[in-house]
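Here the structure comes first, spelled out in structure tokens, and everything after it is commentary.
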Amino acid sequence: MSGAQVGFFCSSCRRYNVYALPPSGDAGLCVECGHRNPPAPSASLLAFGPIDRCPQCENLYFYTRKDFPQQLGCAAVTATIVLSSVAYALWDVPAAIAVLALASLADLALYHRLSEVTVCYRCHAELRGFAPNPEHGPFDMHRAEEYQQP
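When the letters of the sequence shown are read in order and numbered with numbering that gives the first Met the number 0, they come out as residues 0 to 149.
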């Protein structure tokens with residue numbers, strides 16, 4: 000599996016950076032500020048096996064989600080609301096329902112096509128292309144609150 004990647008946020012400037020595994024000499028180097036965020040991948044990660052700890056912060060807790068930008072998802076929901084409202088204003092209820100049904104079908108198709116990404120609760124590093132770990136479930140608000148900084 001050669002498509003394994005780690006995306007992380009620089010601890011200095013918070014810019015999002017990506018490197019492939021196994022890490023090369025410039026892995027963990029921020030392209031914005033040049034700060035070094037040295038990765039420490041485990042043997043399991045280097046073998047592209049299940050994710051056992053974060054290569055950026057060594058945290059043991061992760062969640063999985065669909066690999067889709069949240070901002071784009073929010074924009075799609077907003078566009079659907081606007082389009083269904085316009086359809087309702089111009090053509091009444093059946094048109095608004097048709098817009099909502101089409102958006103739902105598009106969302107369902109996209110959901111089944113997208114892959115999963117594993118995200119670290121502590122540093123929010125995103126790990127792609129690794130064997131799935133059944134211990135990592137969907138986002139848990141209680142677990143996330145444990146890592147929130149005051």
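Where a beta carbon is used, it is the ideal one built from N, C-alpha and C, also for glycine.
Where residue i falls, given that 16 or more other Cβ within 10 Å makes a residue buried
i           : result
residue 119 : buried
residue 5   : buried
residue 37  : exposed
residue 76  : exposed
residue 113 : exposed
residue 0   : Unreliable placement is indicated for residue 0, whose pLDDT of 40 sits below 50; the coordinate value is still reported in the next sentence. Residue 0 is exposed by the Cβ-count criterion.
Cross-strand partners of residue i (DSSP beta bridge)
i         : result
residue 6 : 17, 125
Same chain, Cβ closer than 8 Å to residue i, neighbours up to 5 away in sequence not counted
i          : result
residue 56 : 119, 121, 122, 124
residue 14 : 8, 29, 30, 31, 32
Neighbourhood of residue i by C-beta distance below 6 Å, restricted to the same chain and skipping five residues each side
i           : result
residue 151 : Within the shown structure, residues of the chain are numbered from 0 to 149, placing residue 151 beyond reach of any answer.
residue 130 : 48, 49
residue 21  : 45
Same chain, Cβ closer than 7 Å to residue i, neighbours up to 5 away in sequence not counted
i          : result
residue 19 : 3, 4
Every unbroken beta strand (DSSP E) within the region 86-123, with a cutoff of 3 residues, ordered by chain: As summarised for the region 86-123, the continuous beta strand (DSSP E) elements at least 3 residues long and confined to that stretch are 115-119, given in chain order.
Contact between the region 47-65 and the region 128-136 (3+ Cβ pairs under 8 Å): Output reads yes: the region 128-136 touches the region 47-65.
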